[in-house]
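Participant: Residues in the sequence shown are numbered from 1 upward in steps of one, following full-length UniProt numbering.
Glycine is no exception: its CB is placed at the ideal position from the N, C-alpha and C atoms.
I'd like to ask some things about the structure below.
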Amino acid sequence: MSTGKLRNIGPKSAAWLRQVGLRTQDDIAAIGTVEAFVRVKRAGFKPTLNLLYALEGALLECHWQEVPEPRRQQLAAEAEAAIALLPPPRYRPAAAPVTTTVHSGDGVDVPEMATEPGAPDGDD
């Protein structure tokens, strides 16, 4: 059965799974719920724990909310441990705000905080 037709798996999650090479229920079963979740995370997507539970429910052929709470806690702990081993993202945001220098006509350079386009500039 394709991931697009699996119980609990919506179109966005199915697309994520396809992009990491998981196209069928058998593909997911072969590597396990946690590894499937980690592959999606490693690919740069931002899955929530609901995907983790949905994958488990798909394999158990039950609604994701029917996955027993102790099993959910176990899955979450395993996923957290596996994610902790992932390398940090390559493109991190700047560690500090960016400043620019405004050259005024009187020869005095004034540092200024750069803002996003369209962001309020505080000159109200």
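Between which two residues does the alpha helix (DSSP H) containing residue 56 stretch?
Facilitator: Where residue 56 is concerned, the enclosing alpha helix (DSSP H) stretches over 49 to 60.
Participant: Are the beta-carbon atoms of residue 58 and residue 6 separated by less than 7 Å?
Facilitator: yes
Participant: Given a threshold of 16 other Cβ atoms within 10 Å of its Cβ, counted over all protein chains shown, does residue 25 qualify as buried or as exposed?
Facilitator: buried
Participant: How long is the line joining the alpha carbons of residue 36 and residue 27, rounded to whole angstroms?
Facilitator: 9 Å
Participant: Considering only residues of the same chain and omitting the five flanking positions on each side of residue 29, which have a CB-CB separation below 8 Å?
Facilitator: 59
Participant: Tell me whether the beta-carbon of residue 77 lies closer than 7 Å to the beta-carbon of residue 34.
Facilitator: No. Outside cutoff.
Participant: Kindly list the residues whose CB is nearer than 6 Å to the CB of residue 64, restricted to its own chain and excluding five residues on each side of it in sequence; keep chain order.
Facilitator: 8, 53, 54, 57
Participant: In terms of residue numbering, what span does the alpha helix (DSSP H) encompassing residue 12 cover?
Facilitator: 11 to 19
Participant: Less than 7 Å between the C-beta atoms of residue 39 and residue 67, yes or no?
Facilitator: With respect to residue 67, residue 39 sits apart: the two C-beta atoms are not nearer than 7 Å.
Participant: Roughly how many angstroms separate the alpha carbons of residue 88 and residue 62, rounded to a whole number?
Facilitator: 34 Å
Participant: What whole-angstrom Cβ distance do residue 83 and residue 46 have, given they're in contact under 8 Å?
Facilitator: So it is not a contact: roughly 12 Å between Cβ atoms.
Participant: Rounded C-beta distance between residue 13 and residue 51? I'm assuming under 8 Å.
Facilitator: 6 Å
Participant: What's the gap between the Cα of residue 44 and the Cα of residue 73?
Facilitator: 24 Å
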